[in-house]
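Q: Here's a structure for you.
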Ligand code: FAD
């Protein structure tokens, strides 16, 4: 059995693995896809102390750093069940394998909900974006749309309005769902237009990058086109926590509830990164949280039983 088993191999899991291995304990990392969301990212300009890098490159560096320690790295392993226990916690995988550990750090991350319309995947990272904190500055002085009128969509529109030339916010429903204070702020901005009862049906482009979007006016049934350079999809971030819903306490949004030390509702089980309730889903934050969860798990180990 492992002293610490980390489930998930994104920035949070990689950081947890390095912190655990440096304590000289038996450390394992099991991940469905080592690298996580970083693999799907192109330019990264906010990974502090690295002015600019690319996702696949950072993912490779994460792996090298982890593998420079004595860590059992198990890629292409999808966890399906967590079974708490007094001495050992068991994690079962889709391929039928099971691993036991004295402590577990869950860092299975999250995924952005997609619109599932033609052009969205084709132009991902070529105008279609999901993270305003990450990609907002790439659209300086350009025209963008934000899809989604919930809190995250309206926050994104307000944020982007300070950077880009014009923002069109598109909401499927007849009204926005964001908090009133955010809506008031949004409506006070001169370079923002809000379109409600609109269903985005297609992302268009010139083959290289986005040049517009098509939506259906749900009241008239008419099709409309907007010319723009960027589209921020803000219709939800889904935590990869479905496999834990019977064992670990989750928030209403499905995020693992953690305290300031990364402790979950299950003794010996810690969590970090985008899968948790910790606000702001970013690489540096996930790494900090992963390090913290591993240190907390180590603290749990030295207090709980014989070495
Ligand atoms: P993830 O990166 O999501 O990693 C989760 C890991 O868990 C993966 O290895 C996954 O395969 C694995 N996993 C999931 N489910 C299971 C399971 N059941 N069993 C086993 N393993 C599982 N952040 C920035 O700071 N700067 C940026 O410029 C930036 N740009 C981004 C661009 C895009 C397109 C996207 C999608 C995200 C971007 N982000 C950016 C956000 C950043 O990538 C995330 O905040 C960060 O990767 C979260 O790290 P994590 O380790 O918590 O989760």
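Residue numbers (UniProt numbering): 211 to 517.
Built from N, CA and C at the ideal position, the CB exists for glycine as well.
Under 8 Å by Cβ, that's how I've got residue 378 and residue 218 pegged, so tell me the actual separation to the nearest angstrom.
A: The residue you call residue 378 lines up with position 168 of the chain shown. The residue you call residue 218 lines up with position 8 of the chain shown. With a beta-carbon spacing of about 36 Å, residue 378 and residue 218 fall beyond the 8 Å limit used to define contacts.
Q: Quick one: using the 10 Å Cβ neighbour count with 16 as the cut-off for buried, is residue 237 buried or exposed?
A: Residue numbering aside, residue 237 sits at position 27 when the chain shown is read from its first letter. Within a 10 Å sphere around the beta-carbon of residue 237 sit 16 or more other beta-carbons, which makes this residue buried.
Q: Quick check: what's the CA-CA separation for residue 405 versus residue 496?
A: Residue numbering aside, residue 405 sits at position 195 when the chain shown is read from its first letter. Residue numbering aside, residue 496 sits at position 286 when the chain shown is read from its first letter. Straight-line Cα distance between these residues: approximately 34 Å.
Q: Which of the three DSSP states, helix, strand or coil, is assigned to residue 223?
A: On the chain shown, residue 223 is found 13 positions in, with the first residue counted as 1. Note: residue 223 maps to helix in three-state DSSP.
Q: Looking only at its chain, what residues have a beta carbon closer than 6 Å to the beta carbon of residue 507, apart from the 5 residues adjacent to it on each side?
A: In the chain shown, counting from the first residue as 1, residue 507 sits at position 297. Excluding positions up to five away in sequence, the list reads 214, 313, 315 and 480.
Q: If you drop the 5 nearest sequence neighbours on each side, which residues of the same chain put their C-beta closer than 8 Å to that of residue 334?
A: Numbered from 1 along the chain shown, position 124 holds the residue referred to as residue 334. Closer than 8 Å at Cβ, skipping near neighbours: 250.
Q: Using DSSP with H/G/I as helix, E/B as strand and the rest coil, what is residue 246?
A: Taking the first residue of the chain shown as 1, we reach residue 246 at position 36. Residue 246 falls in the helix class under three-state DSSP.
Q: Tell me which residues share the same chain as residue 397 and place their Cβ nearer than 8 Å to its Cβ, disregarding the 5 neighbours each side in the sequence.
A: Your numbering for residue 397 matches position 187 in the chain shown. For residue 397, where only same-chain residues beyond five positions count, the Cβ hits under 8 Å are 404.
Q: Out of 417, 428 and 309, which one is the CA nearest neighbour of residue 410?
A: For the purposes of this step, residue 410 is identified with residue 200 of the chain shown, where counting begins at 1. Out of 417, 428 and 309, 428 has the C-alpha closest to the C-alpha of residue 410.
Q: CB-CB under 7 Å to residue 422, same chain, minus the five flanking residues each way: which ones, in chain order?
A: On the chain shown, position 212 is the one that residue 422 refers to. Annotation for residue 422: 414, 435, 436, 437 and 438 place their beta carbon closer than 7 Å to its own, counting only its chain and skipping 5 residues before and after.
Q: Report the residue from 355, 504, 351 and 264 whose alpha carbon sits nearest the alpha carbon of residue 340.
A: Counting from 1 along the chain shown, the entry for residue 340 is found at position 130. Nearest of 355, 504, 351 and 264 to residue 340, Cα basis: 355.
Q: Can you tell which of 294, 336, 513 and 259 has the C-alpha that lies nearest to the C-alpha of residue 454?
A: Counted from its first residue, the chain shown places residue 454 at position 244. Minimum Cα distance to residue 454 is reached at 294.
Q: For residue 514, which option in 466, 366, 297 and 232 has the closest C-alpha, if you only look at C-alpha atoms?
A: Here residue 514 refers to the residue found at position 304 of the chain shown. The candidate whose alpha carbon is nearest that of residue 514 is 297.
Q: What does a CB cutoff of less than 7 Å around residue 352 pick up in its chain, not counting 5 residues either side in sequence?
A: Numbered from 1 along the chain shown, position 142 holds the residue referred to as residue 352. So the list reads 374, 375, 439 and 440, once near-sequence residues are dropped.
Q: Inspect the CB distances between the segment 443-458 and the segment 276-285 and report whether three or more fall short of 8 Å.
A: Flag = no, the segment 443-458 and the segment 276-285 do not touch.
Q: Label residue 430 either buried or exposed according to how many other C-beta atoms from any shown protein chain fall within 10 Å of its C-beta, with 16 as the threshold for buried.
A: As a first step, residue 430 must be located in the chain shown, where it is residue number 220. Flag for residue 430 reads exposed.
Q: Does the distance from the C-beta atom of residue 221 to that of residue 466 stay below 8 Å?
A: Stepping through the chain shown from its first residue, residue 221 is reached at position 11. Stepping through the chain shown from its first residue, residue 466 is reached at position 256. No, they are not a contact pair.
Q: Could you give the first and the last residue of the continuous alpha helix (DSSP H) run that contains residue 508?
A: Residue numbering aside, residue 508 sits at position 298 when the chain shown is read from its first letter. It spans 493-514 - the alpha helix (DSSP H) in which residue 508 sits, taken as one unbroken run.
Q: With a cut-off of 8 Å, does the C-beta of residue 416 fall near any C-beta of chain D?
A: Structure shown: chain D not included; a single protein chain is present.
Q: Return yes when the Cβ of residue 325 is within less than 8 Å of the Cβ of residue 445, no when it is not.
A: Residue numbering aside, residue 445 sits at position 235 when the chain shown is read from its first letter. Residue numbering aside, residue 325 sits at position 115 when the chain shown is read from its first letter. Taking 8 Å as the Cβ cut-off, residue 445 and residue 325 qualify as a contacting pair.
Q: Have a look at the DSSP bridge pairing and note the partners of residue 423.
A: On the chain shown, position 213 is the one that residue 423 refers to. BP columns for residue 423 point to 413 and 436.
Q: Do residue 342 and residue 369 have their C-beta atoms within less than 8 Å of each other?
A: By 1-based counting over the chain shown, the position of residue 342 is 132. By 1-based counting over the chain shown, the position of residue 369 is 159. Yes. Within cutoff.
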